[in-house]
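Peer 1: Got a structure here, written out as structure tokens. Questions coming.
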Amino acid sequence: MIPQHWLEYRREDDDELIGYLSPGDESDGVYTPMTVFGYPLGDAGVYPDAVAALESTGLSYLADRWTLRLDGAREPIAVQIVEANPDRLTVKNVDYGHDGNIGDLFTLEVPVSQALSR
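Per the numbering used here, the sequence shown starts with residue 66, numbered consecutively.
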């Protein structure tokens with residue numbers, strides 16, 4: 066589940082949630098732009114820069130190919146996002162080199178761990 070102290074960021078024109086701003090130390094005034102499932106979209110920066118990172122990316126990251134490191138696997142596998150929300154992330158296997166079946170689903174806790182990457 067997304068931490069309560071993260072700030073929701075919604076598109077102005079349609080009020081769609083496109084991510085979060087994760088505040089750093091309250092005294093430093095920096096924020097890290099995060100996806101709706103808690104993956105960092107860039108480096109921490111001042112509020113306007115973090116907002117600009119979210120706005121320029123939008124929800125395009127949902128269409129990206131991601132990699133998922135499975136416990137016991139030698140190499141990460143290629144996955145695509147099936148469903149993303151503040152509670153959980155579901156991805157599917159799209160890696161023909163993986164022993165599992167194409168389309169196998171994996172559900173991840175949010176915010177996601179370092180097992181998922183772009």
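Built from N, CA and C at the ideal position, the CB exists for glycine as well.
Can you tell me where the beta strand (DSSP E) holding P88 begins and where it ends?
Peer 2: Within the sequence shown, residue 88 is the residue found at index 23, counting from 1. Its beta strand (DSSP E) spans residues 82-88.
Peer 1: So what does DSSP say about Y161, is it helix, strand or coil?
Peer 2: Stepping through the sequence shown from its first residue, residue 161 is reached at position 96. Of the three classes helix, strand and coil, the one that applies to Y161 here is coil, per DSSP.
Peer 1: At the level of alpha carbons, what is the spacing between E77 and M99?
Peer 2: Against the sequence shown, residue 77 aligns to sequence position 12. Against the sequence shown, residue 99 aligns to sequence position 34. Those two C-alpha atoms are separated by around 17 Å.
Peer 1: Do the stretch 142-156 and the stretch 109-121 touch if we need at least three Cβ pairs shorter than 8 Å?
Peer 2: The stretch 142-156 vs the stretch 109-121: no contact.
Peer 1: At the level of alpha carbons, what is the spacing between V177 and I67?
Peer 2: As a first step, residue 177 must be located in the sequence shown, where it is residue number 112. As a first step, residue 67 must be located in the sequence shown, where it is residue number 2. If I take the Cα positions, the gap works out to 9 Å.
Peer 1: What residue from G162, E140, G168 has the CA that sits closest to L181's CA?
Peer 2: Start at 1 with the first residue of the sequence shown, and residue 181 comes out as number 116. Among G162, E140, G168, the Cα nearest to that of L181 belongs to E140.
Peer 1: Can you tell me whether E174 is helix, strand or coil according to DSSP?
Peer 2: Taking the first residue of the sequence shown as 1, we reach residue 174 at position 109. Strand at E174.
Peer 1: Please classify N166 as buried or exposed, where buried requires at least 16 other C-beta atoms within 10 Å of its C-beta.
Peer 2: For the purposes of this step, residue 166 is identified with residue 101 of the sequence shown, where counting begins at 1. Exposed is the call here.
Peer 1: Along the chain, where does the beta strand (DSSP E) that runs through T132 open and close?
Peer 2: Locating residue 132 in the sequence shown gives position 67, where the first residue counts as 1. Note, T132: beta strand (DSSP E), 130-133.
Peer 1: Can you tell me whether L127 is helix, strand or coil according to DSSP?
Peer 2: Against the sequence shown, residue 127 aligns to sequence position 62. Helix, per DSSP.
Peer 1: Express the C-alpha separation of R75 and G89 in angstroms, rounding to a whole number.
Peer 2: By one-based count along the sequence shown, residue 89 stands at place 24. By one-based count along the sequence shown, residue 75 stands at place 10. Answer to the nearest angstrom: the Cα atoms are 20 Å apart.
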